[in-house]
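Numbering (full-length UniProt numbering), first residue to last: 1 to 188.
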Amino acid sequence: MDSAEVEFLAEKSPITIVPNFAQEKLYLISGDVGPFNPGLPVEVPLWLGINLRQRGKCRIVPPDWMDPEKLTEKKDEESQSKNFTKMPCEHYLVVAQLVLTAATEDIPNSQQIKTLIKDIWDLRVAKLRSSVAEFIQSEGTRAKLDHLTLLEINSVRPFLPHSLDHLYRFSKTAFNSNLSQSQTQDYS
């Protein structure tokens, strides 16, 4: 799965918009949305909300978790915890990036939110890399990491199998070397 596929999945996340037009329900494959009435909030898939915002048809209401106070709490919680904390949104980084790109003027404190999201991402990626390094050094055969998002898993996916393959080859070579040395000693 690449980042475009992760973004595609994130675009299905619900978002609240305030339309400035009137229209009956839209019948989509994923479900019905609407009706749309000017000034009345309605929940739509993120991809539709962004499309309507780009055409000037609505204002996007930021998700509850995109509040600087809540993000600061989440950042503190993440930095104080050894384990990964549960994120308020499965696709927090992608949703934030899409919303902040399409509707910066709709989001109060957008620059602060961008910074906090980036800080949280950096903390989690650093934690993920150190977890992977510990796993490889301990020569583990399986690991369990709770509360990772799809994008975070996707960020280490290209690296991890390659590293584990090298680790396996090294251990196999070391085992064969030890085996041949012990057989040589038996014959001596």
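For glycine and all other residues, C-beta sits at the position ideal for the given N, C-alpha and C. Predicted model, so just to flag it, every value in this text is computed and none were measured.
By the Cβ neighbour-count rule, Ala-4 is exposed, with fewer than 16 other Cβ atoms within 10 Å of its own. Remark: C-beta atoms of Lys-86 and Ile-120 do not approach each other more closely than 8 Å. Setting aside the 5 residues that flank it on each side, Val-125 is surrounded in the same chain by Glu-152, Ser-155, each with a C-beta closer than 8 Å to its C-beta; the list follows chain order. For Arg-124, the three-state secondary structure derived from DSSP is helix.
In the structure shown, Leu-148 adopts coil according to DSSP, grouped into three states. The secondary-structure analysis by DSSP pairs Thr-16 across a beta bridge with Glu-43, Val-61. If you look at Asp-32, you'll find it isn't in any alpha helix (DSSP H); it sits in the beta strand (DSSP E) that goes 31 to 33. Non-local beta-carbon contacts of Asn-37 in its own chain, meaning distances under 8 Å to residues more than five positions away in sequence, involve Pro-19, Ala-22 in chain order. Proximity to Pro-88 across Asp-106, Ser-81, Arg-53, Asp-67 peaks at Asp-67, based on C-alpha coordinates. Excluding five sequence positions before and after Leu-26, the CB atoms of its chain that fall closer than 6 Å to its own CB belong to Val-33, Gly-34, given in chain order. Residue environment: His-91 is assigned as buried (16 or more neighbouring CB atoms within 10 Å of its CB, all protein chains considered). Setting aside the 5 residues that flank it on each side, Glu-11 is surrounded in the same chain by Leu-46, Trp-47, each with a C-beta closer than 6 Å to its C-beta; the list follows chain order. Out of Asn-109, Asn-83, Leu-98, Ala-103, the CA that lies nearest to the CA of Leu-123 is found in Asn-83.
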